[in-house]
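Protein chains in written order, with our numbering: chain U, 6 to 220; chain A, 6 to 220; chain R, 6 to 220. Note that CB positions come from ideal geometry on N, CA and C, so glycine has one too.
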Amino acid sequence: MEAQTLHTNFNLLIEIFGTVSFAMSGAFAAMQKRFDPFGVLIIAFVTSVGGGTLRDLLLDVPVFWMRDLVICTMIFIGAVLAIVVKSFERNFKVTLFIFDSLGLGLFTIIGIQKGLNADLHPIICLTLGTITGCFGGITRDLFLNRIPLIFRKEIYATACIVGGSLFLLLTYYSSFSYMLVQISTIVLIVVIRTLAVKYQWEMPKFYESRDQGEF
Amino acid sequence: MEAQTLHTNFNLLIEIFGTVSFAMSGAFAAMQKRFDPFGVLIIAFVTSVGGGTLRDLLLDVPVFWMRDLVICTMIFIGAVLAIVVKSFERNFKVTLFIFDSLGLGLFTIIGIQKGLNADLHPIICLTLGTITGCFGGITRDLFLNRIPLIFRKEIYATACIVGGSLFLLLTYYSSFSYMLVQISTIVLIVVIRTLAVKYQWEMPKFYESRDQGEF
Amino acid sequence: MEAQTLHTNFNLLIEIFGTVSFAMSGAFAAMQKRFDPFGVLIIAFVTSVGGGTLRDLLLDVPVFWMRDLVICTMIFIGAVLAIVVKSFERNFKVTLFIFDSLGLGLFTIIGIQKGLNADLHPIICLTLGTITGCFGGITRDLFLNRIPLIFRKEIYATACIVGGSLFLLLTYYSSFSYMLVQISTIVLIVVIRTLAVKYQWEMPKFYESRDQGEF
């Protein structure tokens with residue numbers, strides 16, 4: 006198999022795995038709120054396509070999930086998988102966290118890549134990657150009427166931005182293979198988020214004065 | 006009048022009636038929150054065009070309410086009508102419910118039709134119909150800082166999806182006239198939602214453990 | 006310098022000043038919630054580009070902040086400025102209010118102008134101006150999980166609509182220079198909002214029955 010095909014296939018794999026991860030993260034969050042199956046499916050859908058949809062609208066390219074049934078099928082599988090996993094595993098917090106972090110890492114990369122393909126400035130690409138990674142989760146949390154994760158654990162966005170910066174640096178200045186660059190970025194984002202959660206456990210007072218002094 | 010014209014006119018009628026219904030639903034909700042007339046108008050606008058705007062952005066077609074003043078005028082009439090109705094009728098709950106259900110049914114159909122016109126897969130069309138039907142109400146509820154109706158009474162989305170599926174089935178496999186297909190779908194959606202409200206009256210405990218176990 | 010160049014330069018000045026104002030308004034709001042620097046930057050970004058992004062998507066023109074780094078740089082400067090100002094000045098309420106009002110006035114004008122350039126009906130342009138002015142702040146407040154300012158102090162939208170109407174009236178029916186029309190509009194919007202805040206101080210009971218009678 007030649008490099009180009011491998012590259013394309015690896016990108017497709019990332020997109021599919023990110024879609025399933027975010028769909029599961031959305032489905033878990035919706036099941037926590039005791040939604041019926043259709044509600045679970047809708048939240049899975051919104052979490053999964055939210056970021057990429059906004060990215061494609063901003064880039065004025067065809068919206069990725071409308072071209073065929075691949076993404077919708079993946080989301081359906083992700084939602085069903087989440088319902089199945091739920092019957093084995095009751096610790097939603099950890100499961101949701103893992104899939105959310107994976108989705109974040111995977112989607113950030115896709116967003117940056119699409120920006121680079123459109124010949125945008127690296128900083129704009131980084132913004133686009135952050136939007137792609139974060140917007141689905143934000144929409145999920147808004148729809149579930151929760152304080153968006155990204156703003157309760159701000160390191161969420163930080164992970165996204167730091168990971169994305171590494172991706173851009175390695176792409177421009179390293180001789181690493183494309184796949185290695187992508188895997189490094191995903192690992193970095195997941196590691197940062199895991200450390201972030203530990204960090205919050207140690208500093209829960211960080212948010213104590215949250216609701217004081219409203220405008 | 007030939008069939009084509011009748012068909013176009015009936016579609017226009019559905020769009021106008023759906024716009025006025027959702028505008029009234031938005032205006033009632035805003036009046037409940039004691040908004041001033043401009044606030045009422047804005048919520049009426051957002052509720053009415055929210056779904057269709059997202060649909061048109063996704064399809065990359067001109068946004069429907071920007072081409073002329075028809076939609077804006079209908080929204081204005083809807084908002085004024087709501088203010089007038091309010092002085093006769095104080096039972097917002099029922100009135101809001103009726104207009105919300107009607108708007109849902111009407112807009113779901115329009116979304117599916119626009120998707121079919123763009124040669125999308127029926128499942129994608131159904132998604133588009135659900136988005137068109139539900140997104141205006143979700144935006145209204147987010148802006149009013151209420152838990153979105155669709156997620157308090159999930160059967161809302163279910164009504165949309167089941168109704169849309171009937172519409173697609175009848176369009177593809179029945180010999181019903183187009184108008185009959187549309188009317189059946191609207192009736193089905195309103196009936197499902199009415200039953201859903203009754204269902205919730207019987208099972209209020211369904212949401213009891215809502216806010217437990219946040220991520 | 007000829008009139009056309011002056012006009013273009015003044016428009017650019019308005020866009021830059023509006024961007025910095027909204028970025029600072031977003032940054033102040035995020036700092037109130039004790040966000041880390043990346044969180045502050047993201048809220049500054051969202052507040053600043055939210056309205057204009059939706060406007061450009063609706064008009065189907067390239068999204069303004071993606072073409073170059075000018076807007077992103079301005080947002081960065083605005084966020085840093087806000088952090089610096091914070092160390093001198095602890096009265097967030099007033100500072101946030103001033104920058105929010107300025108941004109509102111400036112962005113409303115830009116929205117109307119872009120609508121007029123696209124040959125839209127004046128009423129649609131006014132709608133577009135209101136969207137450009139208000140949507141960034143709404144998104145900021147949704148993301149911060151606050152009741153959107155626009156719906157706590159509805160005069161916010163009223164200021165936007167009244168100011169925009171003045172702008173259209175003066176553009177069509179007066180012989181004022183373009184710059185004078187723009188400055189009058191901004192002053193009117195800031196004055197209306199300032200009076201509105203006073204008005205609310207006198208009528209805090211206006212919202213008392215807010216959460217009663219939910220649908």
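Under the three-state DSSP convention, the category residue i falls into
{"i": "Ser53/R", "result": "helix"}
{"i": "Glu213/U", "result": "At Glu213/U the pLDDT is 34, less than 50, meaning the model places this residue with poor confidence and gives no usable figure here."}
{"i": "His12/U", "result": "helix"}
{"i": "Arg60/A", "result": "helix"}
{"i": "Lys38/A", "result": "coil"}
{"i": "Pro127/U", "result": "helix"}
{"i": "Leu200/R", "result": "helix"}
{"i": "Val66/U", "result": "coil"}
{"i": "Leu121/U", "result": "helix"}
{"i": "Leu46/A", "result": "helix"}
{"i": "Ser106/R", "result": "helix"}
{"i": "Asp146/U", "result": "helix"}
{"i": "Ile152/R", "result": "coil"}
{"i": "Phe172/U", "result": "helix"}
{"i": "Phe112/A", "result": "helix"}
{"i": "Leu74/U", "result": "coil"}
{"i": "Ser189/A", "result": "helix"}
{"i": "Phe181/A", "result": "coil"}
{"i": "Thr24/A", "result": "helix"}
Interface residues of chain A facing residue i [CB-CB closer than 9 Å]
{"i": "Ile152/R", "result": "Leu149, Asn150"}
Residues that residue i contacts on chain U, provided the C-beta gap is smaller than 9 Å
{"i": "Thr163/A", "result": "Asp41, Pro42, Phe43, Gly44"}
{"i": "Thr132/A", "result": "Phe50, Trp70, Met71, Cys77"}
{"i": "Leu2/R", "result": "Residue numbering for chain R in the displayed model covers 6 to 220; residue 2/R lies beyond these limits and cannot be assessed."}
Contact list for residue i against chain R, beta-carbon separation under 9 Å
{"i": "Ile166/U", "result": "Phe43, Leu46, Ile47"}
Beta carbon proximity, residue i to chain D, threshold 8 Å
{"i": "Cys77/R", "result": "Of the chains in the structure shown, none is chain D; the protein chains are U, A and R."}
Proximity to residue i [Cα-Cα], best of the options
{"i": "Ser26/R", "options": "Ile103/R, Val68/R, Leu200/R", "result": "Ile103/R"}
{"i": "Thr163/U", "options": "Ala201/U, Arg151/U, Tyr177/U, Glu20/U", "result": "Ala201/U"}
{"i": "Arg72/A", "options": "Ile48/R, Leu11/R, Cys130/R", "result": "Cys130/R"}
{"i": "Thr132/U", "options": "Phe112/U, Leu111/U, Asn122/U, Ile117/U", "result": "Ile117/U"}
{"i": "Ala35/A", "options": "Phe22/A, Gly23/A, Phe50/A", "result": "Phe50/A"}
{"i": "Ile21/U", "options": "Gly134/U, Ser53/U, Lys203/U", "result": "Ser53/U"}
{"i": "Asp124/R", "options": "Leu64/R, Leu111/R, Ile160/R, Val167/R", "result": "Leu64/R"}
{"i": "Lys119/A", "options": "Pro67/A, Pro42/A, Leu147/A, Thr10/A", "result": "Pro67/A"}
{"i": "Gly134/A", "options": "Arg145/A, Thr190/A, Ile152/A, Ser182/A", "result": "Thr190/A"}
{"i": "Leu231/R", "options": "Tyr178/U, Ile166/U, Met184/U, Gln187/U", "result": "With chain R represented from 6 up to 220, any question about residue 231/R goes unanswered, as that position is not in the structure."}
{"i": "Gly83/R", "options": "Ile114/R, Leu121/R, Gly23/R", "result": "Gly23/R"}
{"i": "Lys203/A", "options": "Ser180/A, Tyr161/A, Val186/A", "result": "Tyr161/A"}
{"i": "Thr113/A", "options": "Met184/A, Thr100/A, Ile136/A, Ser92/A", "result": "Ile136/A"}
{"i": "Leu74/A", "options": "Asp41/R, Ile128/R, Arg39/R", "result": "Ile128/R"}
{"i": "His126/A", "options": "Trp70/U, Thr199/U, Thr13/U", "result": "Trp70/U"}
Cross-chain neighbours of residue i in chain R, by beta carbon under 8 Å
{"i": "Leu62/U", "result": "Leu62"}
Residues that residue i contacts on chain A, provided the C-beta gap is smaller than 8 Å
{"i": "Ile143/R", "result": "Phe148"}
Requested in this report: Kindly confirm or deny that the stretch 164 to 175 of chain R and the stretch 78 to 86 of chain R touch, where touching means at least three C-beta pairs closer than 8 Å.
Outcome: no
Query raised in the report: Of the residues that make up the stretch 30 to 55 of chain U, which ones have a beta carbon closer than 7 Å to any beta carbon in chain A?
Result: Ala34, Gln37, Lys38, Arg39, Phe40, Asp41, Phe43, Gly44, Ile47
**Report entry** Any 3 or more C-beta pairs closer than 8 Å across the stretch 191 to 200 of chain U and the stretch 106 to 116 of chain U
**Finding:** yes
Query raised in the report: Is the stretch 84 to 91 of chain R touching the stretch 24 to 40 of chain R in the sense that three or more CB pairs, one from each, lie closer than 8 Å?
Result: yes
Query raised in the report: How do the stretch 130 to 149 of chain R and the stretch 42 to 60 of chain R stand: do at least 3 beta-carbon pairs fall below 8 Å, yes or no?
Result: yes
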